[in-house]
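If you count by the working numbering, then the sequence shown holds residues 500 to 606, one letter each, in order.
We put the beta carbon where it would ideally sit given N, CA and C, even for glycine.
In what follows, a single structure is set out as structure tokens and then discussed.
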Amino acid sequence: MAQTIYDKGRWLASEGALSLTSDSDVRWQPQVERHHLLVRRAGRKTEVMVVGVPRSLKYFEERAARDPELMLLIVGMARVEVFGGNRWNSVKAHLMKEAWNPDLFRN
């Protein structure tokens, strides 16, 4: 599938949690987790993993007994690139032009 934006909006990080809220122009129900836990892996002080609640966390809890570090890598999301300065604006403009197509989600 082509690069596609399924949802867009605002995020709020507070007290070890991240909450996502859609913009008013998202008129469908995106199939994404809206609440996430912010987790640090042992020995990686600068890395923060994001784990969705409840689906991803439940999957982690059910399977992490033998190797929780590996399971966190499977269910979690990590920042792989930092956007600074004007680069963020150009990346966002490109994505909105190329990947934002709300007509895909109309019934």
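A direct Cα-to-Cα measurement between E597 and Q502 gives close to 8 Å. Separation of W510 and V552 (C-alpha to C-alpha, rounded to the nearest whole angstrom) is 15 Å.
Taking the CA atoms as reference points, D602 sits about 16 Å from Q530. Ranked by how close their Cα comes to the Cα of W527, the residues D506, L571, A516 and H593 have D506 in first place. V550: member of the beta strand (DSSP E) spanning M548 to V552, first to last residue. Residue R539 holds the alpha-carbon nearest to the alpha-carbon of G515 among R539, V574 and V525.
In this structure, the straight-line span from the alpha carbon of K591 to that of G584 is close to 12 Å.
Inside the region 505-571, DSSP marks whole beta strand (DSSP E) runs of 3 or more residues at positions 508-513, 516-521, 534-538 and 548-552, from first to last along the chain. Setting aside the 5 residues that flank it on each side, S555 is surrounded in the same chain by E532 and V574, each with a C-beta closer than 7 Å to its C-beta; the list follows chain order.
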